[in-house]
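Trainee:
There are 2 protein chains.
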Amino acid sequence: MRVSFLAIGEEIISGFREEKNIRNSSAYLYSLGFSTYIQLVGDKKEDIKFALKQAENFSDIIICSGGLGSTEDDITRFAVSEYFNVSLEENKEALEYMKEKLKARTGKDNVPDILKIQCLIPAGSKPIFNKSGSAPGFKIEKNQKIFYFLPGVPQEFSEMFQNFVLREIKEKFPHIKSLEEKVFKIFGLTETQIQKYLKDIGIPESVKISYLPSFPEVTIRIIGEKNERFFQFCDKVKEELKNFIYSENDQDNISKVVGKILEKKGFSISTAESLTGGELANLITDTPGSSKYFKGGEIVYSNEAKIRLGVRREVIEKFGAVSYECAEEMAKAVREKYNSDFGLSTTGVAGPDPLEGKPPGLFYVGFSSKNETTAFEFKFNIGRKYTKILCSHLALKILLDKIK
Amino acid sequence: MRVSFLAIGEEIISGFREEKNIRNSSAYLYSLGFSTYIQLVGDKKEDIKFALKQAENFSDIIICSGGLGSTEDDITRFAVSEYFNVSLEENKEALEYMKEKLKARTGKDNVPDILKIQCLIPAGSKPIFNKSGSAPGFKIEKNQKIFYFLPGVPQEFSEMFQNFVLREIKEKFPHIKSLEEKVFKIFGLTETQIQKYLKDIGIPESVKISYLPSFPEVTIRIIGEKNERFFQFCDKVKEELKNFIYSENDQDNISKVVGKILEKKGFSISTAESLTGGELANLITDTPGSSKYFKGGEIVYSNEAKIRLGVRREVIEKFGAVSYECAEEMAKAVREKYNSDFGLSTTGVAGPDPLEGKPPGLFYVGFSSKNETTAFEFKFNIGRKYTKILCSHLALKILLDKIK
């Protein structure tokens, strides 16, 4: 099973826009067992026709994105018309659909010329309606090959790919419908480490795994025949990685997962940040509704600010600001000041320069509750920004393990 | 002038890793005036050979990335050997280079077998040394076509592309050397708005523009023949966009630019955040050395926390927490509490739900110095996360305009 993708647009090869339509849909079809081949070309008719030929040589299914709008750069329809040697015709169904949408939105049903152009599609092709935008896509079949042309606007592409293209592909390859899908959100392992775990467990031949890393988390999607081996494999993955899997829901991140538990149990938190400089509070407050459990936080960058928060001067003098002891005092002090159930703190050396004779990448996360105040040491030499991000996630993971 | 790119790797088509090597180098060559064609394929010999053929058909220069490591997935060298019908040979120069690097690092110069594999390159090809990693690249010339094969590790690819491939391309197309490059870092306009400005100014035919958006900033790179028209155009762009260009240095972001001025002038700042929940302090502290001018900050999510900081209760009761008045009091209070030259504050409705009857996306940025305390209103309905990011950048832009 093979599929070709073709993204068309000067904005892609010039770096103007990041190509995500094809990245995501290729990853999805890959996990369904397809070999995928991807081409990206600019807005040149000759280049588009060249790429269409290669795509046709590679596979029976060809999915194209971009160049269907109304500006002079949008030349996909013209290239396609030349490639298949057919004329462009105003498609009645597409025009009707556009009229209805316009009428529903504006009350008027006259379609301006600039939009009418978008209803010009190659003779013999079938329009693909666009729920989220204006330009319709179209589908052409020729010599057992199926070409889909969709707009490049991500939301439109995604909707039409899911609801039209993917549905047709599933019809064409009915065994796909019997596939089962399982998602794990993982924190604390790199893609490479996860891959090693999965290989050690033994990936069944019928199972495909796709990865979506988003530092410092990784989402893995396991797809396979719906049978006992599949479920056994997923169970084993879950068991082996139980310390790292924090959710089985694609839409989650660690801030949301922690937030849900805090809200459900009626707990509140506050934060005292040195190393992370606001990254931790920022991560917490990225979650809608966080004001219900996040009582507030302080960025205590200087020693004076730490002492004003409630860290004892002698602790800093004796152990330094980058220490277990300081992290503990910060977590406890902020918890007490904000009268919250939990306090989290971060202190360390963000770099690039050492601090108090301690190397960049050394840091501490403090945790405090009514019953317990403790701190954890970490060392990752991954640069300032990544250290801040990682430390913030570690703080939430520590909290998660305490409250779940 | 045409160039083909080929990224090889199952990790790319499966979404395991984002493809950036080719995105960036394609954008760069595009701005030098090349038509670029990009292919992405998995780790299958047949697919790689298929793609090499297309690349060769498209252009005289072919740049490939990935599959040169030592694991069983790394099959680029084998596919290439079949494609050109030549054997693989252990390259002495490459092995010698590897030995020296190992010796410098470990004191020993015996190369383990797993690394030796990487020195196997197609007979007749020329090794490209790898300063940042282990696997060498190689260059093959055949029938006036030049193929470059580089490792897929971003840092290694980038270094070898810049220092070897790009240098050779500049030799081959000497007029490139006469091109002039100008970079503008822009905040406050979308790519589309910038494009419109530039079109209105009139882009000379010999000038190419590439865009690198990174929300909410956009970097544009203007490249053209080094002549009066080029400089006039750049001057006009600078003049027209003067309210939006905050730097002409590729490596800058707004946090760095503000930081440099604060440090140079010996000013200090502190932050009081409601809406942004730590995003602003986080942005400030992403810059190395920020502890020199950032005195600290507070995330005053609740009204109680705002009052504890120093906002008068009656201000919140009369105007609400989402108001000019509250933003001003927050900025002033945090400046006084932290004894800093400037105070910045943010308050607003991050969403998705309204607050105090005010809609998501409405927010205020407060600014306070010894001489002036003021606030600015904004309304952007772009979702919670983007609102936080945008608001933080706006706060720094407001500060920048006050201190520059």
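Listed in order, the protein sequences are those of chains A and B. For the first sequence, counting from 1, position 125 maps to 108 in my numbering; every step adds exactly one. For the second sequence, counting from 1, position 244 maps to 227 in my numbering; every step adds exactly one. All C-beta atoms, glycine included, are put in the ideal place defined by N, C-alpha and C.
(1) 7 Å is my cut-off, CB to CB: does residue 304 of chain B come that close to chain A?
(2) When we look at the beta-carbon of residue 19 of chain A and count the other beta-carbons within 10 Å, is it buried (16 or more) or exposed?
(3) When DSSP labels each residue in this structure, what does residue 230 of chain B get in the three-state scheme?
(4) Whole angstroms are fine: how far does the CA of residue 111 of chain A sit from the CA of residue 134 of chain A?
(5) Under 7 Å between the Cβ atoms of residue 389 of chain B and residue 274 of chain A?
(6) Where does the unbroken beta strand (DSSP E) through residue -15 of chain B begin, and where does it stop?
(7) Does the beta carbon of residue 356 of chain A fall short of 6 Å from some heavy atom of the ligand GTP?
(8) Measuring CB to CB, does residue 141 of chain B end up less than 7 Å from residue 121 of chain B?
(9) Any idea which residues DSSP pairs residue 132 of chain A with across the strands?
(10) Mind listing the chain A neighbours of residue 33 of chain B? Cutoff is C-beta to C-beta under 7 Å, in chain order.
(11) With a threshold of 7 Å between beta carbons, is residue 328 of chain B in contact with chain A?
(12) Helix, strand or coil for residue 168 of chain A? Go by DSSP, reduced to three states.
(13) In the DSSP output, what is residue 73 of chain B paired with across the bridge?
(14) Please work out which residues of its chain come closer than 8 Å, Cβ to Cβ, to residue -3 of chain A, disregarding the five sequence neighbours upstream and downstream, and give them in chain order.
(15) For residue 276 of chain B versus residue 245 of chain B, is the C-beta spacing smaller than 7 Å?
(16) Could you tell me how far apart the beta carbons of residue 46 of chain A and residue 94 of chain A are, in whole angstroms, since I believe they sit closer than 8 Å?
(17) Thinking C-beta only, is residue 105 of chain B closer than 7 Å to residue 42 of chain B?
(18) Using a Cβ-Cβ cut-off of 7 Å, state whether residue 276 of chain A counts as contacting chain B.
(19) Let's see if you can read the secondary structure: which residues bound the beta strand (DSSP E) around residue 339 of chain A?
(20) In chain order, what residues of the same chain have a beta carbon less than 8 Å from the beta carbon of residue 166 of chain B, not counting five sequence neighbours either side?
(21) Classify residue 119 of chain B: buried if its beta carbon has 16 or more other beta carbons within 10 angstroms, exposed otherwise.
(22) Count the other CB atoms, across all protein chains shown, that sit within 10 Å of the CB of residue 97 of chain B; report buried if there are 16 or more and exposed otherwise.
(23) Using a Cβ cut-off of 7 Å (strictly closer), state whether residue 283 of chain B contacts chain A.
(24) Residues of chain B with a CB under 8 Å from the CB of residue 6 of chain A: which are they?
(25) Indicate the three-state DSSP secondary structure (helix, strand or coil) for residue 127 of chain B in the structure shown.
(26) Contact criterion: CB-CB distance below 7 Å. Does residue 24 of chain B meet it with respect to chain A?
(27) Could you give the DSSP three-state label for residue 295 of chain A: helix, strand or coil?
(28) Between the region 52 to 64 of chain B and chain A, which residues of the former have CB atoms less than 9 Å from a CB of the latter, in chain order?
(29) Straight-line CA distance for residue 188 of chain B to residue 208 of chain B?
(30) Would you identify the three-state DSSP class for residue 111 of chain B, choosing helix, strand or coil?
(31) Compare the beta carbon distance of residue 333 of chain B and residue 370 of chain B with 7 Å and say whether it is the shorter of the two.
(32) Please confirm whether residue 226 of chain A has its beta-carbon closer than 7 Å to some beta-carbon of chain B.
(33) Under 8 Å Cβ-Cβ, which residues of chain A neighbour residue 28 of chain B?
(34) Entirely within the region 214 to 287 of chain B and at least 4 residues each: give me those alpha helix (DSSP H) ranges in chain order.
(35) Is any beta-carbon of chain A found at less than 7 Å from that of residue 19 of chain B?
(36) So residue 18 of chain A is in the beta strand (DSSP E); what residue range does that whole segment cover?
Mentor: In short, the structure shows the following:
(1) For the purposes of this step, residue 304 of chain B is taken as residue 321 along the second sequence, with counting starting at 1. No - not a single Cβ of chain A is within 7 Å of the one on residue 304 of chain B.
(2) Taking the first sequence and counting its residues from 1, one reaches residue 19 of chain A at position 36. So residue 19 of chain A counts as buried.
(3) Position 247 of the second sequence, counted from the first residue, corresponds to residue 230 of chain B. Here residue 230 of chain B sits in strand by DSSP.
(4) As a first step, residue 134 of chain A is located in the first sequence; it is residue number 151 there, counting from the start. As a first step, residue 111 of chain A is located in the first sequence; it is residue number 128 there, counting from the start. Take the alpha-carbon of residue 134 of chain A and the one of residue 111 of chain A: they are about 10 Å apart.
(5) One cannot answer for residue 389 of chain B here, as it falls past the ends of chain B, which runs -16 to 387.
(6) Counting from 1 along the second sequence, the entry for residue -15 of chain B is found at position 2. Here the beta strand (DSSP E) through residue -15 of chain B covers -15 to -9.
(7) Judged by which ligands are present, the structure shown has none, so any question about the ligand GTP falls away.
(8) The residue you call residue 141 of chain B lines up with position 158 of the second sequence. The residue you call residue 121 of chain B lines up with position 138 of the second sequence. Using a Cβ distance threshold of 7 Å, residue 141 of chain B and residue 121 of chain B do not count as a contacting pair.
(9) Position 149 of the first sequence, counting from 1, holds the residue named residue 132 of chain A. The partner list for residue 132 of chain A (beta bridge, DSSP) reads A:47, A:121.
(10) The residue given as residue 33 of chain B occupies position 50 in the second sequence. The answer, in chain order, is 41.
(11) Mapped onto the second sequence, residue 328 of chain B falls at position 345. Answer no: the Cβ-Cβ gap between residue 328 of chain B and chain A never drops below 7 Å.
(12) One-based indexing of the first sequence puts residue 168 of chain A at position 185. In the three-state DSSP reduction, residue 168 of chain A falls in the strand class (E or B).
(13) The residue you call residue 73 of chain B lines up with position 90 of the second sequence. DSSP lists B:103 as partners of residue 73 of chain B.
(14) By one-based count along the first sequence, residue -3 of chain A stands at place 14. Listed in chain order, the non-local C-beta contacts of residue -3 of chain A below 8 Å within the same chain comprise 25, local neighbours out to five positions each way being set aside.
(15) Sequence index remark: in the second sequence, residue 276 of chain B carries index 293 (1-based). Sequence index remark: in the second sequence, residue 245 of chain B carries index 262 (1-based). In contact: residue 276 of chain B and residue 245 of chain B (Cβ atoms closer than 7 Å).
(16) Residue numbering aside, residue 46 of chain A sits at position 63 when the first sequence is read from its first letter. Residue numbering aside, residue 94 of chain A sits at position 111 when the first sequence is read from its first letter. Rounded, the Cβ-Cβ distance is 27 Å, inconsistent with contact.
(17) By one-based count along the second sequence, residue 42 of chain B stands at place 59. By one-based count along the second sequence, residue 105 of chain B stands at place 122. Annotated as distal: residue 42 of chain B and residue 105 of chain B, with beta-carbon spacing of 7 Å or more.
(18) Residue 276 of chain A sits at position 293 when you count from the first residue of the first sequence. Not one chain B Cβ lies under 7 Å of residue 276 of chain A.
(19) The residue you call residue 339 of chain A lines up with position 356 of the first sequence. That residue, residue 339 of chain A, is in no beta strand (DSSP E); it is neither H nor E in DSSP.
(20) Taking the first residue of the second sequence as 1, we reach residue 166 of chain B at position 183. For residue 166 of chain B, where only same-chain residues beyond five positions count, the Cβ hits under 8 Å are 202, 203, 204, 205, 231, 232, 233.
(21) Position 136 of the second sequence, counted from the first residue, corresponds to residue 119 of chain B. Classification of residue 119 of chain B: buried, given that the 10 Å Cβ count is 16 or more.
(22) Sequence index remark: in the second sequence, residue 97 of chain B carries index 114 (1-based). With fewer than 16 Cβ atoms within 10 Å of its Cβ, residue 97 of chain B is classed as exposed.
(23) Walking along the second sequence from the start, residue 283 of chain B turns up at place 300. Using a Cβ-Cβ cut-off of 7 Å, residue 283 of chain B counts as an interface residue toward chain A, since at least one Cβ of chain A sits closer than that to its own.
(24) Counting from 1 along the first sequence, the entry for residue 6 of chain A is found at position 23. Within chain B, the residues near residue 6 of chain A are -2, 1, 2.
(25) As a first step, residue 127 of chain B must be located in the second sequence, where it is residue number 144. Secondary structure of residue 127 of chain B (DSSP, three-state): coil.
(26) Here residue 24 of chain B corresponds to residue number 41 of the second sequence, with the count starting at 1. Chain A places a beta carbon closer than 7 Å to that of residue 24 of chain B, counting this residue as a contact.
(27) Counted from its first residue, the first sequence places residue 295 of chain A at position 312. DSSP places residue 295 of chain A in coil when its eight states are reduced to three.
(28) Within the region 52 to 64 of chain B, no residue qualifies.
(29) Within the second sequence, numbered from 1, the residue matching residue 188 of chain B stands at position 205. Within the second sequence, numbered from 1, the residue matching residue 208 of chain B stands at position 225. Going by the C-alpha atoms only, they are around 10 Å apart.
(30) Here residue 111 of chain B is taken as the residue at index 128 of the second sequence, counted from 1. For residue 111 of chain B, the three-state secondary structure derived from DSSP is strand.
(31) On the second sequence, residue 333 of chain B is found 350 positions in, with the first residue counted as 1. On the second sequence, residue 370 of chain B is found 387 positions in, with the first residue counted as 1. Cβ atoms of residue 333 of chain B and residue 370 of chain B: closer than 7 Å.
(32) Position 243 of the first sequence, counted from the first residue, corresponds to residue 226 of chain A. Chain B contact via Cβ: absent.
(33) In the second sequence, the residue the question calls residue 28 of chain B occupies position 45. Chain order gives no chain A residues near residue 28 of chain B, where near means a beta carbon separation below 8 Å; the closest approach is about 12 Å.
(34) Here the runs fully enclosed are 237 to 248, 262 to 268.
(35) The residue labelled residue 19 of chain B in the question sits at position 36 within the second sequence. Answer yes: the Cβ-Cβ gap between residue 19 of chain B and chain A drops below 7 Å somewhere.
(36) Within the first sequence, residue 18 of chain A is the residue found at index 35, counting from 1. Start and end: 18 to 24.
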